[in-house]
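Reviewing the structure listed below.
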Amino acid sequence: MAAFHLALEQGADGIELDVWCCGTGEVVVHHDADTSRTAGQPRRVSRASLGELRRLDVGSWKGERFRGERIPLLNEVLEALPGAVVNVELKSSGIPHLALARAVLRVLLDAAAEERCIVSSFDYAVLGVFRAAAPAVASGVLFAADRCWRARELLGTHLLRPRAVHPDRMLVTPERARAWAARGLAVNVWTVDAPDEVERLCTLGAAAVITNRPAVARAAVRRATGR
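First residue of the sequence shown? That's 0 in numbering that gives the first Met the number 0, and the numbers climb one at a time after it.
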């Protein structure tokens, strides 16, 4: 939560986060599949109970000022950041967690947040379940700069009919940006930390950049767009 609040203080329009269903079914916000890196204790997020996860300190590894940070629930993030755009990435560790798609939809509806959220995933099976259950909620297909990216991009955009593509920044060329725009797809690019790269993507018409450096990116956007 400290990171999310800091991002908004630095001028971000919203946040990107990753979610799993934990072992007791709640939708929790955590990037990794296990908590070794963030808490120093190995817990498989999809198997651990909410109680187990809540007892972990996931802030101390970043510094003493963050000691006591806990893994939040998705609904807690939405409640704490009522005006923010939230990009919810559905996570999967090899086996599609199809229940996650339905659980996330329930959280978005209960929070009346479906109009300010975009749901994305590298796992097209999970994203497909979400799309079928919530066709009106914005979605984006994620793909990285690997040898299969063209097939993934074609498969995801044609089968899932998303509103956006979420490409690795290295994939965004002028030609591809024009092609995606011609198909009515917003281009939300990750992960863009260099200011000159932010400016380049703005000139190509990127709808959003996902960054670790919100203040730097905001300044670059202002230089490139005047807003």
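Heads up, the beta-carbon is just placed ideally off N, CA and C, and yes, glycines get one too.
Keep in mind it's a predicted model, so treat the numbers as computed, not measured.
| query | result |
| --- | --- |
| For residue 15, which residues does DSSP report across the bridge? | 86 |
| Does DSSP classify residue 59 as helix, strand or coil? | helix |
| Taking 6 Å as the limit between beta carbons, can you name the residues of its chain near residue 191, skipping five residues before and five after? | 168, 197, 208 and 210 |
| Taking residue 142 as part of the beta strand (DSSP E), name the residues at either end of that continuous run. | 137 to 142 |
| Counting C-beta neighbours from all protein chains within 10 Å, is the total for residue 19 16 or more, i.e. buried, or is it exposed? | buried |
| Where are the beta strand (DSSP E) runs, 3 residues long or more, that stay fully inside the stretch 152 to 204, in chain order? | 163 to 166 and 185 to 188 |
| Are the stretch 50 to 67 and the stretch 5 to 12 touching, with three or more C-beta to C-beta distances below 8 Å? | no |
| Cα separation between residue 171 and residue 188? | 8 Å |
| Can you give the Cα-Cα distance for residue 205 and residue 148, rounded to whole angstroms? | 19 Å |
| Cβ atoms of residue 83 and residue 213: under 8 Å apart, would you say? | no |
| Just curious, the beta strand (DSSP E) that residue 118 is in, first and last residue? | 116 to 120 |
| Does chain C have any CB closer than 8 Å to the CB of residue 29? | Among the chains in the structure shown there is no chain C, since it carries only a single protein chain. |
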